[in-house]
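Read through the structure below, which is laid out as structure tokens, and then see the notes.
2 protein chains.
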Amino acid sequence: MDRLSVTFAAVADPTRRAILARLAKGEATVGALAAPFAISLPAVSRHLRVLQRARLIEQRVDAQWRLCRINAEPLKEAGDWIEQYRRFWEGRLARLANYLERHPPTPKRRKR
Amino acid sequence: MDRLSVTFAAVADPTRRAILARLAKGEATVGALAAPFAISLPAVSRHLRVLQRARLIEQRVDAQWRLCRINAEPLKEAGDWIEQYRRFWEGRLARLANYLERHPPTPKRRKR
DNA sequence: TACATATTTAACTTTCCAGTTAAATAACGG
DNA sequence: CCGTTATTTAACTGGAAAGTTAAATATGTA
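The structure is reproduced here in structure tokens:
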């Protein structure tokens, strides 16, 4: 899978987004990250592996703890991709599309 | 699934992103959208259903054609979510993180 | 050494996703 | 009405994802 797909897939899960939100406030251990969720620790561990594969987090070992840290850098590329489409949800084009939705141009029949 | 998850999941596929890129240039029929890909028409049809479920496209019927149109509006919310993390990949915080990565602070052992 | 804590790995289940081919549906044009 | 074109639905397959419990691994402490 390409990087962009991996990034988007990683954040397409509410648990993983919540984990990132928590890490935005600072480093945390796996246990601390797991605490708010009703799922088992192995399940969280796997979510972390997905985030790690997407390079959205990094882990550092401190004794028996794994301290997780956010690495938002892959989100830059994702944000850039989305940004391409900004003109479609704002400005002239969006208003035009909106207008056309309400006032369809006479639908020219396609002959062949 | 929540809206944001649905949106991210929809764009986490290169074929679907390519379809959106094509639609950014204007409306297209299902057949025209399918043409560039090496996959069957039913497969494309399902990709379109995923995009439609995410409300990233809309379809309009013209005789036996389904004309697809982009609706980037859901990307706004996705972009906003990503934007929250911008400060982590640029500016002070990113530089600090980078610095710390290179010069780890004396790792204080956790006692208990 | 032995125990407790933190986390991962293994093995398994269930569900979802993307692809296939073949058949169904819908609309046009002669 | 019939054949052609456009697209979807059905039925099936293979593989990946997310969850579970139980066992393994690693480290600090008594």
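Quick mapping for you: the protein sequence lines, in order, are chains G and E.
FYI, numbering that gives the first Met the number 0 numbers position 76 of the first sequence as 75, with every residue one higher than the one before it.
FYI, numbering that gives the first Met the number 0 numbers position 45 of the second sequence as 44, with every residue one higher than the one before it.
Where a beta carbon is used, it is the ideal one built from N, C-alpha and C, also for glycine.
Please read all numbers here as calculations on a predicted model, not as lab measurements.
Note the first and the last residue of the continuous beta strand (DSSP E) segment covering residue i.
i: residue 66 of chain G; result: 64 to 69
Output, in chain order, the set of chain E residues within a Cβ distance shorter than 7 angstroms of residue i.
i: residue 75 of chain G; result: 88
Looking at the structure shown, is residue i part of a helix, part of a strand, or coil, going by DSSP?
i: residue 59 of chain E; result: strand
i: residue 13 of chain G; result: helix
i: residue 45 of chain E; result: helix
i: residue 2 of chain G; result: helix
i: residue 8 of chain G; result: helix
i: residue 54 of chain G; result: coil
i: residue 19 of chain E; result: helix
i: residue 107 of chain G; result: Here the model assigns residue 107 of chain G a pLDDT of 41, short of 50, so the residue's position is not dependable, and the following value carries that caveat. Three-state result, residue 107 of chain G: coil.
Since residue i is in the alpha helix (DSSP H), which residue starts that stretch and which ends it?
i: residue 25 of chain G; result: No alpha helix (DSSP H) contains residue 25 of chain G, which DSSP labels as neither H nor E.
i: residue 73 of chain G; result: 72 to 82
i: residue 87 of chain E; result: 85 to 88
i: residue 37 of chain G; result: Note, residue 37 of chain G: premise wrong, no alpha helix (DSSP H); not H, not E.
If we call anything under 8 angstroms between Cβ atoms a contact, is residue i one with residue j?
i: residue 28 of chain E; j: residue 66 of chain E; result: yes
i: residue 18 of chain E; j: residue 40 of chain E; result: no
i: residue 43 of chain G; j: residue 53 of chain G; result: no
i: residue 68 of chain E; j: residue 57 of chain E; result: yes
i: residue 11 of chain E; j: residue 8 of chain G; result: yes
For residue i, verify whether its CB is less than 7 angstroms away from any heavy atom of the ligand NAP.
i: residue 77 of chain G; result: No copy of the ligand NAP occurs in the structure displayed, which carries no ligand at all.
Identify the contact partners of residue i in chain E, using a Cβ-Cβ distance below 9 angstroms as the criterion.
i: residue 8 of chain G; result: 7, 8, 11 and 12
For the stretch 18 to 51 of chain E, list every residue whose C-beta sits within 9 angstroms of some C-beta in chain G, in sequence order.
19, 20 and 23
Contact list for the stretch 51 to 67 of chain E against chain G, Cβ threshold 8 angstroms:
61, 62 and 64
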